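In UniProt numbering, the protein residues as written are 1 to 631.
Glycine included, each C-beta is placed from N, C-alpha and C at the ideal position.
As the structure is a computational prediction, the values presented were derived from the model and not from experiment.
Working notes, beginning with the structure itself.
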Ligand SMILES: [Zn+2]
C-alpha cells in the first residue's frame, strides 16, 4: 500500500509521526549566528518563531537566500512555505516525543494510491465556490472515485496530513455526501498549518478553510469532522502545535451547532486566547466562510476576520456588565422591598425578587398557612404570580378552598341554615358569582407543582422555570423541604441538604424568583425552645443559605382576645439590611379565614409587653378592584 507522502529531495530520518529530523547544524536561521560547531544560536533573534532557509529545498531554489521556513524554537517544529517540508530539529526530538500526546490505539494509514490530481468535476465544484484548484491542491486536496450507496462517484479527497504522512482522507461528492476512512485516525485537518504561527484560524469544515486560504491566509485549519467534532482530536497537538498560539480565530458556522462547537473550542483552547468570527459585514451576512466569499467577496471575509471580537470568558463578569444597574441605584437608590400589610412584620421584613426565605416553626404553628397567606398577599398586592409545591396540602381542592377562603374573608362554602318552618337549606356565604371570580383569579395567579414525574430539586425547579416562562410567575413556595428528594450518592444528608439549598439559592439568583422554603424543626430537646433557623431539621445550611430566616412560635398565652391566635415571629436573619432587620414581632391569625393581621406591641415597665391584636378586615380582597361586585 502506498501513502501519498511528501518526497524530500534529500535523505532524512523521520519521527514516528512523520516529521523529518533535521540536525541543528543544517539550519540557517535568520539573525542567528553560528558557533564553531556550526550550530545557530536560536535565542539570538529574540523571538519564539523565527525564519530560516529550508534544509531540503533552499539549495536548489532560484531564491536561495529566501528564509522560506517558519520555525518554532520552543517545540523545534518547522515548516517550509515553499516546498511543504515539515521537520523537527534533532535536539528537540526527545522533547517532542515526550510531550506530544500519544495515539490511544494503533490506526491504519489510508491507501492513497488511488488518489489523483483534482480533475474536471472537482475543478468545477471548487471554482463554483470561488476556490482556485491550485489552492486546494496545495492544501492536499485530490480527486478520487468512491462508492456511495452502491454507486461509483467522482469526489474530492481531502487528505489529513501530519508531518509528511497522510493519516486519513475525507471524501466529498458534489452533492455533499461524505465519508472518512474508518480505520484511520481523525485529526484536525491541515493541522501543520499551525507550525510557525502565533495566530490560527479554526473553521468547521475544509471548504471554509480553503476559502480563507483563497483570501491569503495560510494559518488555517479545520476541526476534524464538522460541528460534531471531538475536541480531544486536538490533544495530540497541544504541545507541538497549539501551545505557542496566542490567538485562535474561531471561524465556524453561524448556525446553532456551529455556535455550540465554538463554545466547546473556546473552553478547550481557553477563552482568553480566542476571538469569535461572525460572518457578517453590515447587512451582508453568510452562514460560513465559503458562503461569505462566494456572495460578498474577499474583502468581506477579511473584514470579518479583522473585526473578530474577544471571546467572552464564561463565568466571569466585569463591572461594566452591571454598570447600568449600579448607576440606577446611584440615581434612584435601592428599590424598596414589598410588604404585605402586617404592621410590625412589615417593619422587619421587606421582600425582593431573587431571594430565598426559610420558614421554620414548631408543629401546628401554622407554617403552611402563614406561607400561603404571605404568598397570596404578595400576589394580590404586587402582582407576583406564584407556584406552590405543597404535597402535604392534599387533596388539592381542599388546598384551593383554603386559599379561596383567605381571599374571600369567610368560608368558601354554603352554610347550612334552618328556616323558622324547620326547612334546611344551604345559604351561600359568598355569592356564586364571587366564588367564580375568586377561582378565576386563583387560576391565573397561582399554579401547583405536582410530584408527577419526580421530586428532585432539578425537576421541581425546572417546572417552576417553565411556569415563569409561560405565565410569568415571580414566587415559588416549597412546602415542606423534606418532600424534596435528596440527591443519590455517598455524601451525608447534611451535605446533600446543603447542595439542594445551594441549587435553590442559585436558581433564585438566576431567575429572579422569590422562593419560600418551609422547614420542619428538628425534634427539640425537652424544655428547648425553637428560636432560630439552627432548629431547622437536618442542617445548619438552612441558616447559612437563607436570605431571610423566619421562625414561627405560637404565643397564645400572651393573647388579649380568644377569637384570634397570636404568633411570634423571630426574624432570625435578613441578609441585606436594605430589606429589613433581625428582631421579634407578632402577627395575629384568624382561624375562620386563615388571614394574618396586625398586632401592636405595647411596651410596659419591667420588660413586659402587651399585645394589642387589631381586627382583621373580613372583606373579600377582590372587592377592592374596580369591577362591581355584590358586596
Ligand atoms: Zn522547502
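- Check the Cα spacing between residue 487 and each of 460, 473, 52, 509: the tightest is with 460.
- For residue 203, the enclosing beta strand (DSSP E) covers residues 199-203.
- Between residue 116 and residue 90, the CB-CB gap reaches or exceeds 7 Å.
- Under DSSP, no beta-bridge partner is assigned to residue 330.
- Closer than 6 Å to some heavy atom of ligand 1: that describes the Cβ of residue 56.
- Taking a cut-off of 8 Å on C-beta distances, the segment 247-254 touches the segment 201-210, as three or more cross pairs fall below it.
- Contact annotation, residue 214 with residue 132: C-beta distance approximately 6 Å; criterion of less than 8 Å satisfied.
- Between residue 622 and residue 438 the beta-carbon gap is near 6 Å, inside 8 Å, which marks them as a contact.
- Shortest Cα-Cα distance from residue 472 to any of 612, 444, 533 involves 444.
- Assignment of residue 74 by DSSP, reduced to helix, strand and coil, places it in the coil class.
- With 16 or more neighbouring CB atoms inside 10 Å of its own CB, residue 279 falls in the buried class.
- Distance from residue 384 to residue 475 at the Cβ level is roughly 5 Å; contact confirmed, criterion being Cβ atoms closer than 8 Å.
- Less than 7 Å separates the beta-carbon of residue 570 from that of residue 531.
- A distance criterion of 6 Å places the beta-carbon of residue 52 beyond contact range of ligand 1, judged by its closest non-hydrogen atom.
- Bounds of any beta strand (DSSP E) do not take in residue 480, whose DSSP letter is neither H nor E.
- At a cut-off of 6 Å, the beta-carbon of residue 83 counts as near ligand 1: some heavy atom of the ligand is closer than that.
- Under DSSP, residue 414 shares a beta bridge with 428.
- Taking 7 Å as the cut-off, the beta carbon of residue 241 is found no closer than this to the beta carbon of residue 219.
- Counted as a single uninterrupted DSSP element, the stretch harbouring residue 85 is not any beta strand (DSSP E), since DSSP gives it neither H nor E.
- In this structure, the straight-line span from the alpha carbon of residue 412 to that of residue 314 is close to 52 Å.
- The C-beta separation of residue 160 from residue 86 comes to about 14 Å, leaving the pair out of contact by the 8 Å criterion.
- Around the beta carbon of residue 548, 16 or more other beta carbons sit within 10 angstroms, so the residue counts as buried.
- Just measuring C-alpha positions, the residue of 557, 559, 558, 542 sitting nearest residue 551 is 542.
- A Cβ-Cβ contact shorter than 7 Å links residue 130 with residue 294.
- A direct Cα-to-Cα measurement between residue 345 and residue 583 gives close to 10 Å.
- With contacts defined as CB atoms closer than 7 Å, residue 360 and residue 580 fail to qualify as a contacting pair.
- In the DSSP assignment, residue 142 falls within the unbroken beta strand (DSSP E) covering 141-148.
- Excluding its 5 nearest sequence neighbours in each direction, residue 10 has C-beta neighbours in its own chain below 7 Å: 56, listed in chain order.
- According to the DSSP assignment, residue 221 belongs to the beta strand (DSSP E) that extends over 220-222.
- For residue 613, the closest alpha carbon among the candidates 153, 620, 598 is that of 598.
- DSSP places residue 13 in the strand class (E or B) of the three-state scheme.
- In the three-state reduction of the DSSP assignment, residue 181 falls in the coil class.
- Beyond the five residues adjoining it in sequence on each side, residue 375 comes within less than 6 Å, by CB distance, of 386, 475, 477 in the same chain, given in chain order.
- In the three-state reduction of the DSSP assignment, residue 534 falls in the helix class, which pools H, G and I.
- By the Cβ neighbour-count rule, residue 70 is buried, with 16 or more other Cβ atoms within 10 Å of its own.
- Note on geometry: alpha-carbon atoms of residue 320 and residue 311 lie some 16 Å from one another.
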